[in-house]
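There are 2 protein chains.
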Amino acid sequence: MASVQDIGLSAAINLLSAFAFLFAFAMLRLQPVNDRVYFPKWYLKGIRGSPTRSRGIMTRFVNLDWTTYVKFLNWMPAALKMPEPELIEHAGLDSAVYIRIYLLGLKMFVPITLLAFGVLVPVNWTGETLENIDDLTFSNVDKLSISNVPPGSPRFWAHITMTYVFTLWTCYILYMEYKTVANMRLRHLAAESRRPDQLTVLVRNVPPDPDESVNEHVEHFFCVNHPDHYLCHQARFFSWLNVVYNANDLAKLVAQRKAMQNWLTYYENKFERKPSSRPTTKTGYGGFWGTTVDAIDFYTSKMDILARQEAVEREKIMNDPKSIMPAAFVSFRSRWGTAVCAQTQQCHNPTIWLTEWAPEPRDVFWDNLAIPYVELSIRRLLTTVALFFLIFCFMIPIAFVQSLANLEGIQKVLPFLKPVIEMKTVKSVIQGFLPGIALKIFLIILPTILMTMSQIEGYTSLSYLDRRSAEKYFWFIIVNVFLGSIITGTAFQQLKSFLEQPPTEIPKTVGVSIPMKATFFITYIMVDGWAGIAAEILRVVPLVIFHLKNTFLVKTEQDRQQAMDPGHLDFATSEPRIQFYFLLGLVYAAVAPILLPFIIVFFAFAYVVFRHQVINVYDQKYESGARYWPDVHRRLIICLIISQLLMMGLLSTKKFAKVTALLLPQPILTFWFYRYCAGRFESAFSKFPLQEAMVKDTLEKATEPNLNLKEYLKEAYVHPVFKGNDFDRPRAVDEEESNPLVRTKRTSQGTTRYNSEASSSATATPVANTGSPRLM
Amino acid sequence: MASVQDIGLSAAINLLSAFAFLFAFAMLRLQPVNDRVYFPKWYLKGIRGSPTRSRGIMTRFVNLDWTTYVKFLNWMPAALKMPEPELIEHAGLDSAVYIRIYLLGLKMFVPITLLAFGVLVPVNWTGETLENIDDLTFSNVDKLSISNVPPGSPRFWAHITMTYVFTLWTCYILYMEYKTVANMRLRHLAAESRRPDQLTVLVRNVPPDPDESVNEHVEHFFCVNHPDHYLCHQARFFSWLNVVYNANDLAKLVAQRKAMQNWLTYYENKFERKPSSRPTTKTGYGGFWGTTVDAIDFYTSKMDILARQEAVEREKIMNDPKSIMPAAFVSFRSRWGTAVCAQTQQCHNPTIWLTEWAPEPRDVFWDNLAIPYVELSIRRLLTTVALFFLIFCFMIPIAFVQSLANLEGIQKVLPFLKPVIEMKTVKSVIQGFLPGIALKIFLIILPTILMTMSQIEGYTSLSYLDRRSAEKYFWFIIVNVFLGSIITGTAFQQLKSFLEQPPTEIPKTVGVSIPMKATFFITYIMVDGWAGIAAEILRVVPLVIFHLKNTFLVKTEQDRQQAMDPGHLDFATSEPRIQFYFLLGLVYAAVAPILLPFIIVFFAFAYVVFRHQVINVYDQKYESGARYWPDVHRRLIICLIISQLLMMGLLSTKKFAKVTALLLPQPILTFWFYRYCAGRFESAFSKFPLQEAMVKDTLEKATEPNLNLKEYLKEAYVHPVFKGNDFDRPRAVDEEESNPLVRTKRTSQGTTRYNSEASSSATATPVANTGSPRLM
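The listed protein sequences correspond, in order, to chains V and H.
Quick note, the first sequence lines up with residues 1 to 776 if you use the UniProt record's numbering.
Quick note, the second sequence lines up with residues 1 to 776 if you use the UniProt record's numbering.
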């Protein structure tokens with residue numbers, strides 16, 4: 001195993017590479033030409049415009065002010081400067097709470113590290129077991145770990161006590177964080193201005209009725225069963241029904257027209273640059289063959305045809321009763337009525353007339369709105385079985401591909417390739433890359449596979465899909481990355497051996513291997529954690545793509561807006577990865593505390609980087625109000641319990657078995673703590689209390705007595721394809737911007753202020769920040 | 001092991017003893033003197049009166065009509081005659097659905113038995129394994145079981161196929177039954193006449209308010225947050241709040257006065273029989289010492305003192321704000337409003353203002369209404385841990401008592417007893433009885449212990465307490481009776497060996513022992529099942545107690561009413577015992593089908609007996625509308641999955657391991673089936689849909705527009721001690737009787753008709769059924 005020197009060297013290399021990334025980032029972000037790659041959020045908010053043409057052509061692309069280069073790291077304090085309330089208003093509660101996860105890691109592990117280094121490291125160091133063993137496989141690093149304590153030594157009392165201290169501290173921090181996040185969410189919901197989803201309920205599984213259309217049936221049902229006061233007496237005024245239409249053909253047409261629009265824009269762009277010759281194209285697929293025609297005329301006429309087809313199709317499905325799906329967004333006059341409808345059972349058959357809070361309009365996953373109950377139930381069963389096989393048997397198809405991908409395999413299956421394969425360079429490429437590449441490709445597409453599985457499961461909102469995918473990914477990481485690294489062999493072999501071992505043996509088997517893997521995981525944290533975060537901030541792929549698009553496609557300001565790829569925090573993949581670092585920290589806290597500083601560096605670095613990204617870059621697809629926190633909390637508890645069980649397994653092999661029973665209350669109490677927290681806070685993330693609803697209703701009635709709610713809700717939940725020609729609109733409804741309340745004004749003031757501070761280096765260049773309609 | 005002849009003999013003996021019980025029952029029930037023991041339900045309903053005095057003194061006690069003795073078994077068809085709808089009206093849905101569990105057993109096992117005897121018995125019988133083994137431990141019975149099939153034989157395909165058929169059939173029957181019961185419940189709720197609990201919500205954890213009393217706080221909170229239409233504008237008319245009072249001292253006084261009343265009645269009774277001398281008593285405890293006084297005067301004066309104390313105490317706690325508990329029964333004007341309040345969250349803090357459907361007034365468990373959330377959470381944790389130790393370690397204290405109870409132990413602890421112990425008779429008694437008696441006493445008080453644990457857990461209704469106790473008892477039976485009989489050693493030893501075995505070994509260990517235990521369980525079914533049921537119908541203890549009370553205490557008709565002990569179906573203890581028979585049937589269906597006919601006889605016999613008891617005897621304490629069915633269903637599914645796992649374990653030891661994997665989908669699909677059923681039906685047992693509520697509200701508004709709801713609800717949820725002097729009233733509110741709707745009339749007509757049929761033997765005597773106010 002690696003010595004302290006080896007780890008130090010490795011740390012130095014990784015730190016250097018991380019700093020190289022950071023330096024590159026600091027240089028690139030100062031160039032005005034990259035401004036839209038590193039500060040897209042401000043452009044989307046409309047606060048920052050392109051530099052003016054009037055300045056020198058050089059300064060428009062390159063930053064020549066040398067003072068800004070000296071302070072190349074000042075984005076870090078800038079990122080930390082924005083206070084949390086402003087951050088929530090600027091980037092949304094989802095993002096603000098997400099970066100709190102990193103902060104939580106710091107809060108949790110800094111005291112644990114101090115304690116572990118103060119108590120456990122001296123205890124381990126003076127254990128003097130490994131010094132007596134004349135074995136090269138041990139090094140100074142292991143002397144700091146629990147391996148250095150002789151079996152049966154009373155020194156283990158220190159470890160047992162510390163696991164209790166760590167558990168108590170972790171639970172305390174988790175409790176406080178849950179409380180804080182729950183309060184943040186409640187405040188957020190209370191402060192929120194009017195949004196369509198506050199007044200809307202998603203009704204699914206509307207039963208068929210022989211006499212009525214779905215539309216009529218829904219209207220009658222809610223007129224009868226929901227406050228006649230609200231619906232019947234003033235139905236045309238207060239309530240509004242929007243039945244979701246099944247319009248896949250139309251969606252295809254719209255997508256086609258969008259593609260045509262892109263081509264047309266491209267050629268118009270070309271023509272504008274060279275007004276002397278009109279651009280031509282060929283009529284075949286992709287413009288590569290067929291007769292040559294005038295490109296702009298060709299695409300304009302194609303656009304016309306598609307527009308007509310679209311109108312016909314739209315008319316057709318509007319009138320076709322078969323394309324109406326048995327689901328509806330039902331809106332109510334008051335938040336109280338909405339809360340009541342969303343939380344109660346409507347019909348004695350619990351599989352029809354299912355009501356739930358409507359997701360935000362841009363959060364709706366339209367494809368899953370009309371799945372019948374039985375089908376949904378079968379889909380979930382199949383996905384669960386598939387997930388099990390994916391986690392435990394994913395190596396089987398990959399091993400199969402790998403076996404095909406070796407030389408003999410290919411020669412056997414495709415004998416005619418023999419002469420090619422026997423060429424020396426081809427041979428070495430195949431031998432070197434192919435086997436690894438199959439696994440790499442699988443790991444890259446894994447999040448997509450998991451997301452597809454979640455979609456098959458039939459959840460109705462993007463946020464829910466993200467949460468479910470994160471859950472799946474978490475288990476994949478636990479089994480295949482964590483256990484897979486500790487125990488050799490594939491997950492399936494592990495499963496088999498676990499089934500053939502007594503349940504008390506499993507923590508032992510895993511626990512014994514843990515101290516030996518400390519250096520491996522330290523390297524992992526540095527390569528995957530540190531360097532990965534540094535790469536995140538550099539944004540190489542969006543940088544390249546933006547410049548390519550900007551060179552070839554962009555013509556108007558709106559096109560450039562679209563060419564930006566701000567990206568977003570991908571909860572489904574990044575949250576489970578953070579959980580993995582929590583798991584490592586908790587498992588190694590009492591076993592090999594040397595790992596903890598690396599974890600702390602990771603959390604601190606990631607906190608700063610993601611805070612910067614959230615402020616300047618990411619543009620979230622939806623806002624769920626930190627709805628995911630119960631999942632984060634639950635997974636943290638799972639990590640904690642895993643660490644406790646492994647500690648029990650480890651200690652029971654140290655001739656300390658009797659005392660190990662003292663650790664038994666830990667998982668039980670932790671589980672109880674989980675149940676307690678769930679009862680205490682979870683409903684804040686899934687239900688909307690009537691009291692709050694009543695307060696908001698009363699307030700609204702007092703401030704806006706003449707509000708036309710029906711008009712307000714009319715367009716909110718229209719399927720994207722029905723939105724007419726404005727398919728380029730980035731968001732379905734952007735309430736924050738079009739809202740007349742006072743708060744919004746404060747928002748833009750606040751964000752402007754922090755914008756100027758956060759990107760002080762960019763504003764320092766005299767070129768930037770003077771809005772002009774056209775450039776580059 | 002026992003041969004077929006042995007089992008036959010045992011069956012004959014048990015059948016004979018069961019018939020002896022039945023004969024005794026048939027004889028005793030024909031005597032008019034026992035009429036109140038065997039038909040108390042009809043007396044409680046007020047349909048049947050005591051025989052008149054005018055007839056001969058002999059015929060009042062003994063039935064002299066010999067024809068009725070000839071038809072001594074005709075109570076059986078009589079019990080089966082009452083159709084189910086009448087049964088529901090007569091005895092309540094709880095009882096009607098409860099006896100359906102036995103019917104479910106018949107529906108499930110009759111086809112399974114036919115199939116098993118048609119297919120598996122021939123396959124096993126011709127297996128010819130045991131014939132080659134010259135071992136006396138095998139008998140003909142084992143030749144019918146799976147033990148007779150040679151390892152690795154393709155005959156096991158028959159067993160695998162049959163387990164699938166059995167599983168499918170069981171699931172089908174369970175699904176149909178769940179559907180039927182859910183529909184029965186919905187029909188029952190829909191047909192129900194107005195009851196206070198339909199309009200009432202139990203609110204718990206009312207937060208303290210510095211400015212207001214709980215009473216005011218509750219009123220204000222609901223006025224603000226619940227339909228202002230209902231509460232605020234017409235609050236004094238439509239809504240009614242009843243805060244539950246903490247009145248334990250008063251309850252004690254009332255109990256004392258009740259005891260005094262009993263004594264007074266006893267002496268008045270004595271005096272009436274011998275008017276010549278006034279009875280005397282002594283002033284000391286229990287009337288055994290102290291000065292001699294006139295008994296009637298003494299108790300009358302004591303009663304007076306207590307009544308005055310009671311009045312003072314009542315006044316005191318009425319005015320003492322400290323005795324008001326933070327809980328309330330909040331009533332609403334409409335069922336819709338009640339359904340909304342019960343199903344929604346009121347406050348952003350989910351641990352205060354907790355709302356749930358109020359239980360029936362007589363179902364309320366008053367002591368648990370005011371437990372704070374944190375305390376409740378800790379109580380549940382402690383009870384769970386205690387239950388675990390109770391199930392797995394209950395043998396430890398009993399073994400300790402047993403070790404004390406042997407001769408040497410007693411001599412050591414209490415040396416002065418030595419001469420007594422060494423007497424021969426005392427010695428044999430101690431050696432023979434004491435060790436067994438400790439276990440027996442424990443098993444008798446076990447249901448009480450479990451009920452106490454459920455009470456500590458803090459549930460608020462008797463029905464819920466029953467359901468939770470049943471759950472605990474079920475697990476106790478599974479671990480200690482089922483596994484304990486199959487594997488030797490205490491549960492704790494089993495647990496230890498299971499923890500040290502691989503999880504795949506457990507079904508193997510248990511599975512292998514199963515075929516060998518078939519004869520043991522057959523004997524168990526006959527002794528515990530057949531004879532137990534026969535003893536149930538004889539009601540020896542209530543019979544003796546009634547005659548004792550009747551002789552010494554009863555004076556007026558009302559006293560005699562109270563002397564009757566109709567008993568009730570004790571869900572908490574009897575349902576888990578039925579589950580045990582289901583478990584045996586499912587486990588042995590494919591292993592040793594010979595056991596199945598015994599199970600069928602049990603279910604058929606129990607069905608008839610309990611139908612008779614429900615019609616003629618039992619008086620339920622509450623009516624929950626078959627609220628327990630999801631529990632019954634879940635436990636049946638657990639039994640099914642246990643049987644599947646054990647079958648897998650058994651087959652994997654038969655050199656058939658590869659094919660055993662084919663059984664793996666069984667538990668997964670069964671679990672999915674459980675989830676599906678829960679989603680499909682469970683809410684019918686816990687929620688009240690708004691649609692139904694609206695229908696009932698509308699109907700009520702149309703039929704009774706001038707109903708004074710406030711007056712109606714005024715007295716419904718008053719704590720028993722506040723009900724003034726009528727503490728003898730057997731039920732708090734008996735809606736069925738005092739209800740003016742048409743249905744009730746039909747009820748009494750119907751029940752009268754079936755009364756006369758069901759107890760035709762009794763009515764055949766010319767003495768019975770001519771109501772008179774006083775006799776015996």
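Even for Gly, the Cβ is constructed at its ideal location relative to N, Cα and C.
- Taking R521(V) and L584(V) to be in contact with their CB atoms under 8 Å, please state how far apart those CB atoms are, rounded to whole angstroms. In the sequence under discussion, the amino acid at residue 521(V) is Phe, which differs from the Arg named in the question. About 6 Å separates the beta carbons of F521(V) and L584(V), which is inside the 8 Å limit, making them a contact pair.
- Query: Which runs of the alpha helix (DSSP H) fall wholly inside the segment 83-119 of chain V and span at least 4 residues, in chain order?
  - Reply: Restricted to the segment 83-119 of chain V, the alpha helix (DSSP H) segments that are unbroken, complete and at least 4 residues in length are 84-91, 93-115, listed in chain order.
- Task: Could you please give me the residues that DSSP links to S461(V) through a beta bridge?
- Result: Secondary-structure assignment with DSSP links S461(V) through a beta bridge to V364(V).
- Task: Throw me the rounded Cβ distance for the L483(V) and V510(V) pair, which I believe falls under 8 Å.
- Result: Right, their Cβ atoms sit about 7 Å apart.
- Item | R634(V) to L144(H) span [Cα, whole Å] | About 51 Å.
- For the candidate residues R467(V), A684(V), K508(V), F222(V), whose alpha-carbon lies nearest to that of P576(V)? Ranked by Cα distance from P576(V), the options R467(V), A684(V), K508(V), F222(V) are led by R467(V).
- Query: Cβ of N215(V) within 8 Å of Cβ of P372(V)?
  - Reply: Contact flag unset, no.
- Message: Out of A702(V), V527(V), T519(V), S301(V), which one is the CA nearest neighbour of N14(V)?
- Response: Selected option, being the one with the closest Cα: V527(V).
- Short-range partners of chain H found in the segment 346-370 of chain V, where Cβ spacing is below 9 Å: Those residues of the segment 346-370 of chain V placed with their C-beta closer than 9 Å to a C-beta in chain H are Q346, C347, H348, N349, P350, T351, W353, ordered along the chain.
- Item | Spatial distance of Q256(V) from D363(V) (CA atoms) | Whole-angstrom Cα-Cα distance: 24 Å.
- Message: Going residue by residue through the segment 580-641 of chain H, where are the continuous beta strand (DSSP E) segments of at least 3 residues, counting only ones entirely within it?
- Response: Taking only runs of at least 3 residues, no beta strand (DSSP E) segment lies wholly in the segment 580-641 of chain H.
- Cβ shell of F25(H) (< 6 Å), same chain only, five flanking positions each side left out: Contacts found: I537, L538.
- Message: Would T300(V) and L264(V) qualify as a contact pair, given that the criterion is a beta-carbon distance under 8 Å?
- Response: In terms of Cβ geometry, T300(V) and L264(V) form a close pair [threshold 8 Å].
- How would you list, in chain order, the residues of chain V whose beta-carbon sits under 7 Å from the beta-carbon of N225(H)? Going along chain V in sequence order, the residues near N225(H) (Cβ under 7 Å) are L690, Q691, M694.
- Note down the Cα distance separating L136(H) from Q5(H), rounded to an integer number of angstroms. Its pLDDT being 49, under 50, L136(H) is placed unreliably by the model, and the measurement read from it follows with that caveat. Roughly 15 Å separates the two Cα atoms.
- First through last residue of the alpha helix (DSSP H) which encompasses D697(V): Per DSSP, D697(V) is one residue of the alpha helix (DSSP H) stretching across 690-703.
- Message: Which same chain residues end up closer than 7 Å to I600(V) when comparing Cβ atoms and leaving out the 5 residues on each side of it in sequence?
- Response: In its chain, beyond the 5 residues on either side, L106, F109, V110, T113 have a beta carbon closer than 7 Å to the beta carbon of I600(V).
- Rounded distance between the beta-carbons of V659(H) and residue 777(H), thought under 8 Å: One cannot answer for residue 777(H) here, as it falls past the ends of chain H, which runs 1 to 776.
- Message: Quick check on DSSP: helix, strand or coil for P507(H)?
- Response: Secondary structure of P507(H) (DSSP, three-state): helix.
- Could you work out which residue in D297(H), Y98(H), L103(H), M162(H) is closest to F117(H) when comparing CA atoms only? Ranking the options by Cα distance to F117(H), first place goes to M162(H).
- Query: Can you name, in chain order, every residue of its own chain whose Cβ lies under 6 Å from the Cβ of P507(H), other than the five neighbours on each side?
  - Reply: L645, L646, M648, G649.
- Message: Distance cutoff 8 Å, beta carbons only. Does L381(V) sit that close to anything in chain H?
- Response: With a threshold of 8 Å between beta carbons, L381(V) makes contact with chain H.
- Do the segment 622-638 of chain V and the segment 172-184 of chain V meet, that is, are 3 or more Cβ pairs less than 8 Å apart? Three or more beta-carbon pairs drawn from the segment 622-638 of chain V and the segment 172-184 of chain V are found closer than 8 Å, and the two stretches are therefore classed as touching.
- Message: Taking DSSP's pairing of strands, which residues face R204(H) in a bridge?
- Response: R204(H) is bridged to L354(H).
- Closest by C-alpha distance to L640(H), when choosing among W672(H), G458(H), Y618(H), V609(H): In terms of Cα proximity to L640(H), the closest of W672(H), G458(H), Y618(H), V609(H) is W672(H).
- Message: Three or more C-beta pairs under 8 Å: does that hold for the segment 188-204 of chain V against the segment 692-704 of chain V?
- Response: Cβ pair count under 8 Å is three or more, so yes.
- Given that a residue counts as buried once 16 or more other Cβ atoms are within 10 Å of its Cβ, and exposed if not, what is W157(H)? The residue is exposed, with fewer than 16 neighbouring Cβ atoms inside 10 Å.
- Taking the alpha carbon of A328(V) as the point to measure from, which residue in E315(V), H217(V), I305(V) has its own alpha carbon closest? With respect to the C-alpha of A328(V), the residue from E315(V), H217(V), I305(V) having the closest C-alpha is H217(V).
- Message: Does the structure place the segment 677-691 of chain V close enough to the segment 338-353 of chain H that three or more beta carbon pairs sit under 8 Å?
- Response: Three or more Cβ pairs drawn from the segment 338-353 of chain H and the segment 677-691 of chain V lie within less than 8 Å of each other, which places the two stretches in contact.
- Task: Identify whether V541(H) lies in helix, strand or coil by the three-state DSSP scheme.
- Result: Three-state result, V541(H): helix.
- Among I296(V), L250(V), S277(V), which residue has its Cα nearest to the Cα of Y266(V)? Here the closest residue by C-alpha is I296(V).
- Item | Boundaries of the beta strand (DSSP E) in which N45(H) is found, first to last residue | Here residue 45(H) is Lys; the residue named in the question, Asn, does not match the sequence. Note, K45(H): premise wrong, no beta strand (DSSP E); not H, not E.
- Query: What does E177(H) reach in chain V if we use C-beta pairs closer than 9 Å?
  - Reply: Going along chain V, no residue has its Cβ under 9 Å from E177(H), so there is no contact; the nearest lies around 17 Å.
- Message: If you measure between the beta carbons of F365(H) and L465(H), is that distance less than 8 Å?
- Response: Taking a C-beta distance under 8 Å as the contact criterion, F365(H) and L465(H) qualify as a contact pair.
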